[in-house]
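Participant:
In the numbering used here, the protein residues as written are 1 to 171.
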């Protein structure tokens, strides 16, 4: 093998490795939010780029998670926040990144039904069973929240609250 070929192979390998790191890098508050496109529970396609000019809340959710249940089933905290936010022209997108066969995985009709039962009113629900959007945002827990301002910059990433219990009394 020539030295030129070896260098080309090495350069290609490093480029691929760096590209994959960038694709799944942890998003940075104050920087542009990672752009994505995803299938919604109602069958439509949601493109984050189309929402520029609006404040967007991304909420990773899993109806079987006890922390999600704390904020939905036991307190109605998140549905109340959704009502306030969407009433003020905020786009609230739930994201379900549970893989098929794993806890929390649902189809579109079930996701919509769960929201109806819990009086939740997100603008829409994105189904992300491959986890590609979750990886893009480094979303690892539920509820995991991200807020994007009208300029498309990430302004918050973190939990819905700072108290890591399933007790609704501490909200």
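We treat Cβ as the ideally placed atom computed from N, Cα and C, and that holds for glycine.
Only counting runs of 4 or more residues, tell me where the alpha helix (DSSP H) segments fall wholly within the stretch 87 to 165, in order along the chain.
Facilitator: 108 to 117 and 132 to 137
Participant: Is it the case that the Cβ atoms of residue 114 and residue 121 are separated by a distance below 8 angstroms?
Facilitator: no
Participant: Assign residue 41 to one of three DSSP states: helix, strand, or coil.
Facilitator: coil
Participant: Go through its chain and collect everything with a Cβ distance to residue 149's Cβ below 7 angstroms, but skip five positions before and after it.
Facilitator: 55 and 155
Participant: Report back the beta-carbon spacing between residue 60 and residue 123 to the nearest angstrom; my notes put them in contact at under 8 angstroms.
Facilitator: Between residue 123 and residue 60 the Cβ distance is about 15 angstroms, and since that is not below 8 angstroms, they are no contact.
Participant: Take residue 77 as the anchor and find which of 146, 132 and 119 has the nearest alpha-carbon.
Facilitator: 119
Participant: By the DSSP assignment, the beta strand (DSSP E) with residue 35 in it spans what residues?
Facilitator: Taken as a continuous stretch (DSSP letters only), residue 35 belongs to no beta strand (DSSP E), as it is neither H nor E.
Participant: Taking 8 angstroms as the cut-off, decide whether the C-beta atoms of residue 94 and residue 126 are in contact.
Facilitator: yes
Participant: Grab me the residues of residue 92's own chain with a C-beta within less than 6 angstroms of its C-beta, minus the 5 sequence neighbours each way, in chain order.
Facilitator: Around residue 92: 57, 82, 85, 86, 122 and 123.
Participant: Tell me which residue opens and which closes the beta strand (DSSP E) that residue 185 is part of.
Facilitator: The requested residue 185 does not occur in the structure, where the chain is confined to residues 1 to 171.
Participant: In terms of alpha-carbon separation, which member of 109, 151, 70 and 43 lies closest to residue 161?
Facilitator: 70
Participant: Around the Cβ of residue 29, are there at least 16 other Cβ atoms within 10 angstroms (buried) or fewer (exposed)?
Facilitator: exposed
Participant: Cβ of residue 62 less than 8 angstroms from any chain C Cβ?
Facilitator: The chain inventory of the structure shown lacks chain C, comprising one protein chain alone.
Participant: State the Cα-Cα distance for the pair residue 45 and residue 36, rounded to the nearest angstrom.
Facilitator: 10 angstroms
Participant: Is residue 47 helix, strand or coil by DSSP?
Facilitator: Note: residue 47 maps to strand in three-state DSSP.
Participant: Would you call the CB atoms of residue 171 and residue 75 closer than 8 angstroms?
Facilitator: yes
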